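Quick note, the sequence shown lines up with residues -19 to -1, 1 to 261 if you use mature numbering (1 follows the signal peptide of the UniProt record, and there is no 0).
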Amino acid sequence: MVLLLLTYNLSLLLSQVRCIIRNVVRDWAVEGQKERDQCYKPILEELNSLFPNRSKESPPACLVPGAGLGRLALDISCLGFISQGNEFSYYMMICSSFILNHCETAGEWTIYPWIHSNCNSLSDSDQLRPVSIPDIHPASAGITEGFSMCGGDFVEVYSDASQIGAWDAVVTCFFIDTAHNIVEYIEIISQILKDGGVWINLGPLLYHFADTYGQDDEMSIELSLEDVKRIALNYGLEFEKERTIETTYTTNPKSMMQNRYFAAFWTMRKKSAATHQQVP
């Protein structure tokens, strides 16, 4: 029994490490540029459009929950926002800290991200190909003062009273379906936005805790996209833009198998408190 548990734990740890390596390619390699253009570019363009007159003296504040390895949060900072990434995964935090704080030049490190991918390879050379990281030097990217990464559970950190009405924008990318209770996520997003603040979201609804049974903390509420929209409206958010974006996620571009999402992309704006109270 002990041996089985150790084997299971080791397998789980290795799976998490492989996941991190794929995310490194997505966020910090030239090879991940196509995927970043699919996911991050629409968000960055929307932020740029919604905040055209950003002031260096008083830049708008943007929160990025589920920031992963920090590339989207950094790109938002480079647009002229006070950007804060929030991440729960210890693995992600260690790796993002290394890339953001300790890489000295672009292309400093070489990894082999697909070496463990034994299925759907077109050739041996594809499986064994090297990838250089990072594609840019983060410290020289032109970040706005105040850029930060905050470790911790989104609900625990941002349900604090000090966060109420603190953010001009909240950006979620492949994040809201990581919730045990997505309603709680939406409630907190609404609370922490200033009146008139915007929530930009891109991602699917692949609920990470679906079909788990047993412990209370493994509960999962799985709502349809239609229901998610209704909940958001109930919390004082109103739609400004909405469309579907086809994208991949940490996919090997040279694999014979390409999984694609038709991700929901929207911009919602928080109504003022007075306006929200008038809604029946």
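Quick reminder that beta carbons are idealized off the backbone N, C-alpha and C, glycines included.
Bear in mind that the values here come from a model prediction, so they are computed numbers and not experimental data.
Check for me: the beta strand (DSSP E) holding residue i runs from which residue to which?
| i | result |
| --- | --- |
| Arg224 | Leu218 to Thr228 |
| Leu28 | That residue, Leu28, is in no beta strand (DSSP E); its alpha helix (DSSP H) goes Gln14 to Leu31. |
| Asn182 | Leu174 to Gly184 |
| Phe135 | Where Phe135 is concerned, there is no enclosing beta strand (DSSP E), although the alpha helix (DSSP H) it sits in stretches over Phe135 to Tyr139. |
| Arg250 | Tyr242 to Lys251 |
| Ser113 | Val112 to Ile114 |
When you compare each of the options to residue i by their alpha carbons, which one comes out closest?
| i | options | result |
| --- | --- | --- |
| Val11 | Thr86, Ser104, Tyr71 and Ser113 | Ser113 |
| Ala54 | Thr159, Arg17 and Asn34 | Arg17 |
| Thr125 | Leu174, Asp56 and Ser143 | Asp56 |
| Glu207 | Glu223, Ile145, Asn34 and Ser201 | Glu223 |
| Ile24 | Thr231, Gln172 and Ala245 | Ala245 |
| Ala42 | Arg110, Gln65, His161 and Gly132 | Gln65 |
| Pro33 | Gln14, Ile75, Val5 and Phe62 | Phe62 |
| His83 | Leu44, Cys154 and Ser121 | Ser121 |
| Leu44 | Ser(-9), Pro115, Gly146 and Leu(-7) | Gly146 |
| Tyr58 | Lys37, Thr229 and Gln144 | The sequence shown places Ser at residue 58, not Tyr. That would be Lys37, whose Cα lies nearest to the Cα of Ser58. |
| Arg7 | Pro234, Cys131 and Glu68 | Pro234 |
| Asp134 | Ile117, Ser102 and Glu165 | Glu165 |
| Ala150 | Gly178, Ser140, Gly127 and Ile169 | Gly178 |
| Asn67 | Thr232, Leu218, Ser106 and Val136 | Val136 |
| Tyr71 | Asp116, Met130, Ile169 and Asp141 | Met130 |
| Leu(-7) | Met73, Ala87, Glu26 and Gln239 | Met73 |
Flag this pair as yes or no: are the beta carbons of residue i and residue j separated by less than 8 Å?
| i | j | result |
| --- | --- | --- |
| Ile163 | Ala213 | no |
| Asn182 | Trp90 | no |
| Ala191 | Glu199 | no |
| Met249 | Trp148 | no |
| Ser30 | Leu50 | no |
Exposed or buried, what is residue i when buried is set at 16 or more other beta-carbons lying within 10 Å of its beta-carbon?
| i | result |
| --- | --- |
| Thr225 | exposed |
| Val(-3) | exposed |
| Gly123 | exposed |
| Pro261 | Caution applies to Pro261, whose pLDDT of 43 falls short of 50 and renders its modelled position unreliable; the value that the coordinates give is listed next. Counting Cβ neighbours within 10 Å, Pro261 comes out exposed, since fewer than 16 surround it. |
| Ile75 | exposed |
| Pro111 | exposed |
| Asn4 | buried |
| Cys100 | exposed |
| Gly127 | exposed |
| Ala254 | exposed |
| Gln259 | Annotation note: pLDDT 43 at Gln259 (below 50); position unreliable, coordinate value reported separately. Classification of Gln259: exposed, given that the 10 Å Cβ count is below 16. |
| Thr160 | Rather than Thr, the amino acid found at residue 160 in this sequence is Ala. The residue in question, Ala160, is buried, as its Cβ has 16 or more Cβ neighbours within 10 Å. |
| Ser171 | buried |
| Ile96 | exposed |
| Phe243 | exposed |
I'd like the span of the alpha helix (DSSP H) that includes residue i, first residue to last.
| i | result |
| --- | --- |
| Ser106 | Asp105 to Gln108 |
| Ile212 | Leu206 to Asn215 |
Let me know the beta strand (DSSP E) ranges lying completely inside the region 37 to 78, each 3 residues or longer, listed in chain order. Segments of the beta strand (DSSP E) lying fully in the region 37 to 78: 42 to 46 and 63 to 68.
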